[in-house]
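*Asks:* According to the working numbering, the sequence shown is numbered sequentially starting from 8.
Glycine included, each C-beta is placed from N, C-alpha and C at the ideal position.
Here the structure is a predicted model, which is why all the values come from computation and not from measurement.
Sharing a structure, written as structure tokens. Questions coming.
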Amino acid sequence: MGRPPSIPPEKKQRIVLSVLAGEVTIAEAARREKVSEQSISRWKADFLDAGKSALSAGRSGPSSREEQLEEQVAELTQALGEAAVEIRVWKKSAEGRLGTSRPSR
């Protein structure tokens, strides 16, 4: 006897949601879909675990995109500081070569 055909994730989701909503029992869904009760129980557990993980991930900290943007802000802030220092050095150098005829700010 061969393996039963694979059930698409969308169909598994509909089955699990109907069980969770109380529309059908696991036994009824298994008979209707010609799968084992253990399969539906496993799908239900996987579905609930994935939901729990998704909800927990929101609390764990910044997303990878937020982390990427924070790194970029830090790099740009450092570059801006370095540019400001270079400008001050150039101004001092120019004042030394041109004399102090210009009012310094």
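1. Assign Glu30 to one of three DSSP states: helix, strand, or coil.
2. Helix, strand or coil, according to DSSP, for Ser70 in the structure here?
3. Around the Cβ of Trp50, are there at least 16 other Cβ atoms within 10 angstroms (buried) or fewer (exposed)?
4. For the segment 46–60 against the segment 17–32, are there 3 or more C-beta pairs whose distance is under 8 Å?
5. Could you tell me which of Ile33, Val31, Gly29, Ser43 sits nearest to Ser13, measuring between CA atoms?
6. Could you check whether Ile47 and Ala61 sit closer than 8 Å to each other, using their CB atoms as the reference points?
7. Quick check on the burial criterion: 16 or more other C-beta atoms within 10 angstroms. Buried or exposed for Lys41?
*Replies:* In this structure, then:
1. Under the three-state reduction of DSSP output, Glu30 falls in the coil class, being neither helix nor strand.
2. Residue state, collapsed to three classes: coil.
3. Label assigned to Trp50: buried.
4. The segment 46–60, when compared against the segment 17–32, does touch it at the 8 Å Cβ threshold.
5. Of the listed residues, the one whose Cα sits closest to Ser13 is Ser43.
6. No Cβ-Cβ contact shorter than 8 Å links Ala61 with Ile47.
7. With fewer than 16 neighbouring CB atoms inside 10 Å of its own CB, Lys41 falls in the exposed class.
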